[in-house]
Amino acid sequence: LIDEMDDGTGWVRTSRVGDQLIKRYPDFDVRNFGSKSLNKFLASLPELEVEERILANGNPIQFVRVKPVPKPVKKPAPRRTAKRTTRKKK
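Okay, here's the thing in structure tokens:
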């Protein structure tokens, strides 16, 4: 759902996620998963990141995104050195 609603920033308001969950899965309830709120439920999922932002009027709004997968660090290719040949003495 989060990927579908992403506006390019990766962050989606948790209220929008909740609305879509109810539309697609009318019987969905976070209390069935041992949580009291959607924000706490989403924050408990290790693949998601929840952030609270304060608006100019002082009201907090929660956002959620799928945690970015770190890019694997490429190891430099091993340097190849030319083999030295030894000359046979005559």
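Letter by letter, the sequence shown follows residues 1292 to 1381 in our numbering. Each residue gets a CB set at the ideal place from its N, CA and C atoms; glycine is no exception.
From the DSSP output, which residues share a beta bridge with Arg1304?
-> Phe1354
Tell me whether the beta-carbon of Lys1362 lies closer than 8 Å to the beta-carbon of Glu1338.
-> no
Nonlocal neighbours in the same chain, by C-beta distance under 7 Å from Asp1297, ignoring five residues either side = Val1303
Return the first residue and the last residue of the beta strand (DSSP E) that Glu1340 is part of.
-> Leu1339 to Ile1345
Which of helix, strand or coil DSSP assigns to Gly1349 | coil
When the distance is taken between beta carbons, is Ile1293 closer than 8 Å to Val1355?
-> yes
Would you mind stating whether Thr1305 and Val1341 have Cβ atoms separated by less than 8 Å?
-> yes
Sequence-distant residues of the same chain with beta carbon closer than 7 Å to Leu1346, five excluded per side = Ile1352
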